[in-house]
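**Q**
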Amino acid sequence: MSLSPRWSEFGRANLGRIVFILAVILILVIWLVHVRLNDDGIVTGVVLTEGGEPVAGATVQIREQTLNLVKEPRAVLTDEQGRFEFTDIEMIDFLVSAKLDGVGVSERKRYHLYFMHQNFEVPEPLVLKSES
Amino acid sequence: MSKRRRHVLTHILLIVLCFLIIVPIYWVIKTSLTGENLFNYPPSLVPKDPNIFYFVDVYYWIPFLRFFMNSVIVSAIVVVSNIVFNAMAGFALGYKFPGKKIIILTYLSCMMVPFQTTIIPAFLLTKYFGLLNTHLGLALPLVSTIINIFVFKTNFDAVPSSLHDAARIDGMADWRMLFRIYLPLARPAIATNIILTFVWSWNNFIWPLIITQDTIMRTLPLGLARFLSYFEDTSGQLYAFVIMVIAPIIVVFLMNQRSFISGMMSGAVKG
Amino acid sequence: MRHVIGQKRRSILLMIYLFLFPSVAIFILYRITPIIWNFVLSFQEWQFIGPNKWVGLRNYAEMIRDPVFWQSFKNTLIYFFGGTPIAIALAVLVAVLVNNPIRGRNAYRVMIFLPYPITPVAVAIIWQWLYNEKVGLINFVLRTLGLVSDPVPFLQSFTLALPSVIVTTVWQVLGYFVIIVLTGLQTIPDDLYESAELDGASRLVQFFRITLPLIRSTIFLCFIVGIINSFTVFDIIYVMTDGGPGHATEILVTNIYKNAFTFNRMGYAAAMTVFMFLFLLLVTWYSNRVSGGEAGGVNYYE
């Protein structure tokens, strides 16, 4: 009486499921590596005028929030190219807006991250519109 | 009615039924992707602006990974111990021995005792064992189930006794035979055991509700119910959480449909 | 049947008892002891902290006079008599449909069975959303079809709450009954139908004369499952309505849970548990006798 080689039988019968599980694990690993490489918590963006010119020295404010908590807003100034950068962003949900006295105020835009401390570039420029 | 017309009618009726059955699930998936709630009336049929941010919110807002691991650990304990203990018991039941009638009577009468009638004493027992709020305490009542014992028994009974006798002549000890001969031939019984016990332990709600005291020890269904009471309804995050809780079971089900269905059939009465 | 012979008898007997020990221990601990414990506890009054007091039959006297208890018992029975026959009738219909040799049978079977393994807590939340008064899908459909003019508060109404919960349970449990009935249907040999066809019997007559009588024991099994189910449903009710507006959806189990763990009246809850257990025992024993022991099918004695 002999027992057939169990493992090769098992493998052939369940090939589809094994491939599926391996694929899932692979995707998970790739995702985790991506997260690890991009989790410094830096949010960047650019402020422009309505005409499309970069605004230097504008005040950009960020307000982080979660489902029922709101953090104190922070502010930075833009550089000569109108770029701004926030570091150590903790929460995955936040609002940004920009203003410069005498030039205008931008809309408050809301963004949501995919994972905590995600390095994020605000996709659309904050456009300053005059207050009148 | 001709055969063809009958088949068309059957198809139509079945499609309508399946539609009615699937709609609630589809609706929740859609809500978890778009977060339409109180402020969105009338509701739209197809997801508008789908996004996965509700899932991200839930993942970070509650200790999701921890709840998930709790469910996994408890289910693992339950499934593995069920297979081991039930196979052992089913195997032993194949012999004739003094006291067999009493043992079988015990098993059968335990089938008459639904879990819900034992919650108070089980809680007190767990407390006296000091197992409140632990994975083991969560798993213990489910660690062996009568139905599955009989599933193994009927499976083992089908093994021809000539195999057993031959092994005995070869000098193999009886207990070894369970692991070397009977279990490898019992693949369907093992599958049934796994499926039934996994589903029962993953979906278990009332027992974790009674036993856990710290948030950190909750299992997924309990975490889901508590989330509901914090955030009421009508929020995309709640339904994202729902999807996150039912996705594993649905995936496991779809991957193993036939064994699942025939397995749950054997568990006609929740033991 | 394996017989134990010769010198190895002792060691094999040892193996047998050792093998039986874990499961028997668990059952004694978590099934048999609780019955006795419940019984003993029901004669005491215990606030969980502090000493027990023996009060004899006081808990039972209070139980008999308690309107909430009778309401929860009544609701449990409504749950059973309302839900199970409908579910079984639907299941028979669906099983007959699926039993036809049409393409995609398996796909239909899978889709119909799908709700069953889903976590009941999740099912409750899903259906709570559907029943929602302001934004629920069901209200939306009813309003669009013009069947009602004002939104219907399904889960908040004293009359509609229990039926709504029953519908949810039927949704989840239907697939399970369908599979049971399907298995029963497949034991009917085809030539019975063929000869009936030759004799000129219509499909309808075939259904009532051949199919139904032959799946009697299967339907019976469904009833047993149904009654045990209605006594032990906890998750869906607790999450959906927690007893409902007032006690409209309170069933025995939720009542027991609240008394034991919210009000900390362990003795009283134990008394109700004893009642529930005895009632269930009576029902299953009686139905087993009525069916001639057919339900379940397998003969475990050997």
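Protein chains in written order, with the working numbering: chain B, -19 to 112; chain S, -14 to 256; chain C, 6 to 307. Glycine included, each C-beta is placed from N, C-alpha and C at the ideal position.
Are the C-beta of C:Trp59 and some C-beta of chain S separated by less than 7 Å?
**A** no
**Q** Find the nearest neighbour of S:Leu(-1) within the set C:Val183, C:Ser222, C:Asp71, judged by alpha-carbon distance.
**A** C:Val183
**Q** Throw me the rounded Cβ distance for the S:Phe76 and C:Phe213 pair, which I believe falls under 8 Å.
**A** Not quite, the Cβ-Cβ distance comes to about 46 Å (not below 8 Å), so this is no contact.
**Q** Take the Cβ of C:Ser154 as the centre, count every other Cβ of all protein chains shown within 10 Å, and call the residue buried at 16 or more, exposed below.
**A** Its Cβ having fewer than 16 others within 10 Å, C:Ser154 is exposed.
**Q** With 16 as the cutoff for other CB atoms within 10 Å, does S:Arg203 come out buried or exposed?
**A** buried
**Q** Which of the residues in the stretch 192 to 214 of chain S, read from start to end, lie with their CB under 7 Å from any CB of chain C?
**A** Ile195, Pro206, Leu209, Ala210, Leu213
**Q** Can at least three beta-carbon pairs, one atom from the stretch 149 to 158 of chain S and one from the stretch 223 to 236 of chain S, be found at a separation below 8 Å?
**A** no
**Q** Assuming S:Phe258 and S:Ala210 are in contact, meaning their beta carbons sit under 8 Å apart, how far apart are those beta carbons, in whole angstroms?
**A** In the structure as shown, chain S begins at -14 and stops at 256. Residue 258 of chain S is therefore absent and cannot be evaluated.
**Q** Could you confirm whether any beta carbon from chain S is found closer than 7 Å to the beta carbon of B:Tyr94?
**A** Cβ-Cβ to chain S under 7 Å: yes for B:Tyr94.
**Q** How is C:Ala300 classed by DSSP in three states: helix, strand or coil?
**A** Here the model assigns C:Ala300 a pLDDT of 42, short of 50, so the residue's position is not dependable, and the following value carries that caveat. In this structure, C:Ala300 counts as coil in the three-state DSSP scheme.
**Q** What is the C-beta distance between C:Leu18 and S:Phe82, in whole angstroms, given that I count them as a contact (C-beta under 8 Å)?
**A** 6 Å
**Q** Residues of chain B with CB closer than 8 Å to the CB of S:Tyr45, please, in chain order.
**A** In chain order: Thr46, Ile72, Met96.
**Q** At the level of alpha carbons, what is the spacing between C:Met277 and C:Arg63?
**A** 12 Å
**Q** Identify each residue in the stretch -10 to 24 of chain B for which the Cβ-Cβ distance to at least one residue of chain S is less than 8 Å, and report them in chain order.
**A** Arg(-3), Phe0
**Q** Restricting to runs no shorter than 4 residues, where is the alpha helix (DSSP H) found entirely within the stretch 142 to 199 of chain S?
**A** 146 to 154, 159 to 162, 172 to 188, 191 to 196
**Q** Take the Cβ of B:Lys79 as the centre, count every other Cβ of all protein chains shown within 10 Å, and call the residue buried at 16 or more, exposed below.
**A** buried
**Q** Does any residue of chain B bring its CB to less than 7 Å from the CB of S:Met240?
**A** yes
**Q** In the DSSP output, which residue or residues are listed as bridge partners for B:His92?
**A** B:Asp73
**Q** Hey, is S:Phe82's beta-carbon within less than 7 Å of any beta-carbon in chain B?
**A** no
**Q** Is the beta carbon of S:Thr16 closer than 7 Å to that of C:Leu102?
**A** no
**Q** Can you tell me which of the three DSSP states B:Thr24 falls into?
**A** strand
**Q** So, are the CB atoms of S:Leu18 and S:Pro35 less than 7 Å apart?
**A** yes
**Q** Give a yes or no on whether the minimum CB-CB distance between S:Ser17 and chain C is below 7 Å.
**A** No, its Cβ sits nowhere closer than 7 Å to a Cβ of chain C.
**Q** Less than 8 Å between the CB atoms is what I'm expecting for S:Leu207 and S:Pro193, so what's the real figure, rounded?
**A** Indeed they touch by this definition, with Cβ atoms about 4 Å apart.
**Q** C:Asp240 touches chain S at which residues, Cβ-Cβ below 7 Å?
**A** Phe190, Ile191
**Q** Contact between the stretch 17 to 27 of chain B and the stretch 98 to 109 of chain B: three or more CB pairs below 8 Å?
**A** yes
**Q** DSSP state of S:Tyr80, grouped into three classes?
**A** strand
**Q** For B:His14, is the beta carbon positioned less than 6 Å from some heavy atom of the ligand PLP?
**A** As far as ligands go, the structure on display features none, and thus does not contain the ligand PLP.
**Q** Please determine, among S:Ile166, S:Arg165, S:Val184, S:Arg243, the residue with the shortest C-alpha to C-alpha distance to C:Ala112.
**A** S:Arg243
**Q** Just tell me which of S:Leu5, S:Gln222, S:Asn189, S:Val(-7) has its CA closest to the CA of C:Arg108.
**A** S:Val(-7)
**Q** Quick check: the Cα distance between S:Lys(-12) and S:Ala171, rounded to an integer number of angstroms?
**A** 41 Å
**Q** Compare the C-beta of S:Val184 against all C-beta atoms of chain C and say whether one is closer than 7 Å.
**A** yes
**Q** Applying the criterion that 16 or more other CB atoms from any shown protein chain within 10 Å of the CB defines a buried residue, is C:Asp240 buried or exposed?
**A** buried
**Q** Taking all protein chains shown into account, decide if C:Arg36 is buried (16 or more other Cβ within 10 angstroms of its Cβ) or exposed.
**A** buried
**Q** Along the chain, where does the beta strand (DSSP E) that runs through B:Ala55 open and close?
**A** 54 to 57
**Q** If we define contact as Cβ-Cβ less than 7 Å, is S:Val41 a contact residue for chain B?
**A** yes
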